[in-house]
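Asker: The structure's right below; bear with me while I get my questions together.
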Amino acid sequence: MTFWTGTRRALAVSSRLQDKVAVITGAASGIGKEIALTFAREGARVVIADLDRDRAEAAACDIDSSGRRAIGVAMDVTSEEQVEAGMSRAIEAFGGIDVLISNAGIQIVAPLVEFEFAQWRKLMNIHLDGAFLTTRAALRQMYRQKSGSVIYMGSVHSKEASPLKAPYVTAKHGLIGLAKVVAREGAAHGVRANVICPGFVRTPLVETQIPEQARELGLSEEEVVRTVTLKQTVDGEFTTVADVAETATFLAAFPSNALTGQSIVVSHGWSMQ
Ligand code: NAD
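Take 5 as the starting number for the sequence shown in the numbering used here and just add one per residue.
Set out below in structure tokens:
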């Protein structure tokens, strides 16, 4: 995009994703929603995929109420049928898929010895089955286009472990493996895959976790934030949704296969590689 000044000097304005089509799962809230807003500002057309159609459409409406540059689709990422239907809807609306952000996720905390199998499976299902189903559906289209960027929302817990988070840590480590396979298989088709590993970000996912951990560990919420949540950062600061969205923009806009199969930690220094 170019704006003209009084002297008719061209002033480039950032539009790093001009007309790219991005499908973002779990984008009715938190990190996914901020990525959708940021991508749209960068010129992308965005598909907000989330469990509830009304919430997905409301988030899309915040970007563009005309539906020309943003749509909301109901998609439970654990449902093969809903994933296929949502991806088809994206292609029908915008003509392709250039970027997949596999972001939908939940957190469940409990000591490993008490973890209910049903809860373990629920978390694995959303994080890993969801990543597989959305990746497979997006790759079919990306391979036809001979280009694409797949970005997984990992976590510092893709690299490190914390108590009470067995399935989350396991699943987030697993996403790095999936990204590496997609990088290897996708290269011949012009598709890259990478993982973003954020530290703690104040979204609904974390806001519910802090009181739960306080109860489990017998601490106050303020003590949990100071002595657990942000203990390992260099400055005691939360990562923000904007920090993560900027990293997603960088990865989505990267122009070559040089950056693929990688995981980037965005965490105020918690976990240095
Ligand atoms: P959030 O709760 O604000 O948003 C998660 C979204 O995912 C919600 O809109 C929810 O409806 C959706 N969702 C849940 N299950 C779904 C399903 N089966 N199908 C489709 N959508 C589903 O949480 P967030 O903090 O924005 O988390 C987004 C991602 O970022 C998650 O993968 C999470 O693990 C990861 N992450 C978060 C943090 C953090 O501190 N908040 C840190 C590292 C990684």
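Cβ coordinates follow ideal geometry from the N, Cα and C atoms, glycine included.
#1: Using alpha carbons as the reference points, say which of 180, 42, 27 lies closest to residue 163.
#2: Considering just the uninterrupted stretch of the beta strand (DSSP E) at residue 66, what are its terminal residues?
#3: Residue 9 to residue 207, Cα distance in whole Å?
#4: When you measure from the CB of residue 209 to every non-hydrogen atom of the ligand NAD, does any distance come out below 8 angstroms?
#5: Return the chain-ordered list of same chain residues with a C-beta closer than 8 angstroms to the C-beta of residue 213, the five sequence neighbours on each side being excluded.
#6: Counting along the chain, where does the alpha helix (DSSP H) carrying residue 200 start and finish?
#7: Is residue 273 helix, strand or coil when you go by DSSP?
#8: Kindly give me the distance between the Cβ atoms of residue 194 and residue 151, rounded to whole angstroms, as I take these residues to be in contact under 8 angstroms.
#9: Using a Cβ-Cβ cut-off of 9 angstroms, state whether residue 39 counts as contacting chain B.
#10: Extract the residue ranges of the beta strand (DSSP E) inside the region 101-174, only unbroken runs of 3 or more that lie entirely within it.
#11: Going by beta carbon distance, what residues of the same chain come within less than 7 angstroms of residue 316, once the five residues before and after it are set aside?
#12: For residue 165, collect the residues of the same chain with a Cβ closer than 6 angstroms to its Cβ; drop the 5 residues on either side in sequence, then sort them by chain order.
#13: Taking the alpha carbon of residue 239 as the reference point, which residue from 203, 182, 79 has its own alpha carbon closest?
#14: Compare the Cα-Cα distances from residue 146 to each of 117, 220, 99, 120 and report the closest residue.
#15: Could you spell out the range, first to last residue, of the beta strand (DSSP E) harbouring residue 49?
#16: If you measure between the beta carbons of residue 154 and residue 198, is that distance less than 9 angstroms?
#17: Could you check which residue in 256, 233, 267, 117 has the C-alpha nearest to that of residue 23?
#18: Tell me the DSSP secondary structure of residue 25 in three-state form.
#19: How many Å lie between residue 187 and residue 263 at the Cα?
#20: Any heavy atom of the ligand NAD closer than 8 angstroms to the Cβ of residue 101?
#21: Can you check which of these residues, 33, 73, 47, is closest to residue 55 by C-alpha distance?
#22: Three-state secondary structure (DSSP) at residue 259?
#23: What does the alpha-carbon distance come out to for the pair residue 245 and residue 74?
#24: Please return the same chain residues whose Cβ sits closer than 6 angstroms to the Cβ of residue 210, not counting the five positions on each side in sequence.
Answerer: From the atom records:
#1: Translated into positions along the sequence shown, residue 163 becomes position 159. Answer by Cα proximity: 180.
#2: Counting from 1 along the sequence shown, the entry for residue 66 is found at position 62. Counting along the chain, residue 66 falls outside any beta strand (DSSP E), though it belongs to the alpha helix (DSSP H) covering 57-67.
#3: Here residue 9 is taken as the residue at index 5 of the sequence shown, counted from 1. Here residue 207 is taken as the residue at index 203 of the sequence shown, counted from 1. Residue confidence for residue 9 is low, a pLDDT of 38 falling below 50, so the modelled location carries little weight; the figure read from the coordinates is stated next. Cα to Cα, residue 9 sits roughly 39 angstroms from residue 207.
#4: For the purposes of this step, residue 209 is taken as the residue at position 205 of the sequence shown. It does: the Cβ of residue 209 is within 8 angstroms (strictly closer) of some heavy atom of the ligand NAD.
#5: By 1-based counting over the sequence shown, the position of residue 213 is 209. The answer, listed in chain order, is 111, 113.
#6: Numbered from its first residue, the sequence shown carries residue 200 at position 196. Membership of residue 200 in any alpha helix (DSSP H) is not indicated; the residue belongs instead to the beta strand (DSSP E) covering 195-202.
#7: Looking up residue 273 in the sequence shown gives position 269. Look at residue 273 here: in three-state DSSP terms it is coil, with no helix or strand label.
#8: Here residue 194 refers to the residue found at position 190 of the sequence shown. Here residue 151 refers to the residue found at position 147 of the sequence shown. Indeed, because the Cβ distance is near 4 angstroms, the residues count as touching under 8 angstroms.
#9: You won't find chain B in this structure, because it holds only one protein chain.
#10: DSSP assignment within the region 101-174 yields the following whole beta strand (DSSP E) runs of 3 residues or more, N-terminal first: 103-106, 152-157.
#11: Residue 316 lies beyond the range of the chain shown here (5 to 277); nothing can be said about it.
#12: Residue 165 sits at position 161 when you count from the first residue of the sequence shown. Result list for residue 165: 173, in chain order.
#13: Here the question's residue 239 lines up with position 235 in the sequence shown. Considering only 203, 182, 79, the residue with the shortest C-alpha distance to residue 239 is 203.
#14: Position 142 of the sequence shown holds residue 146. Relative to the Cα of residue 146, the nearest Cα in the group 117, 220, 99, 120 belongs to 99.
#15: On the sequence shown, residue 49 is found 45 positions in, with the first residue counted as 1. Unbroken beta strand (DSSP E) run through residue 49: 49-54.
#16: For the purposes of this step, residue 154 is taken as residue 150 along the sequence shown, with counting starting at 1. For the purposes of this step, residue 198 is taken as residue 194 along the sequence shown, with counting starting at 1. Taking 9 angstroms as the Cβ cut-off, residue 154 and residue 198 qualify as a contacting pair.
#17: Position 19 of the sequence shown, counting from 1, holds the residue named residue 23. With distances taken between Cα atoms, residue 23 lies closest to 256.
#18: Position 21 of the sequence shown holds residue 25. Strand, per DSSP.
#19: Start at 1 with the first residue of the sequence shown, and residue 187 comes out as number 183. Start at 1 with the first residue of the sequence shown, and residue 263 comes out as number 259. Straight-line Cα distance between these residues: approximately 9 angstroms.
#20: To locate residue 101, count along the sequence shown from 1; it is residue 97. The answer is no for residue 101.
#21: Along the sequence shown, read from residue 1 onward, the residue named residue 55 stands at position 51. Here the closest residue by C-alpha is 33.
#22: Sequence index remark: in the sequence shown, residue 259 carries index 255 (1-based). In the three-state reduction of the DSSP assignment, residue 259 falls in the coil class, being assigned neither a helical nor a strand state.
#23: Along the sequence shown, read from residue 1 onward, the residue named residue 245 stands at position 241. Along the sequence shown, read from residue 1 onward, the residue named residue 74 stands at position 70. Cα to Cα, residue 245 sits roughly 19 angstroms from residue 74.
#24: Taking the first residue of the sequence shown as position 1, residue 210 is located at position 206. If you ignore the 5 residues before and after residue 210, its C-beta comes within less than 6 angstroms of the C-beta of 204, all in its own chain and listed in chain order.
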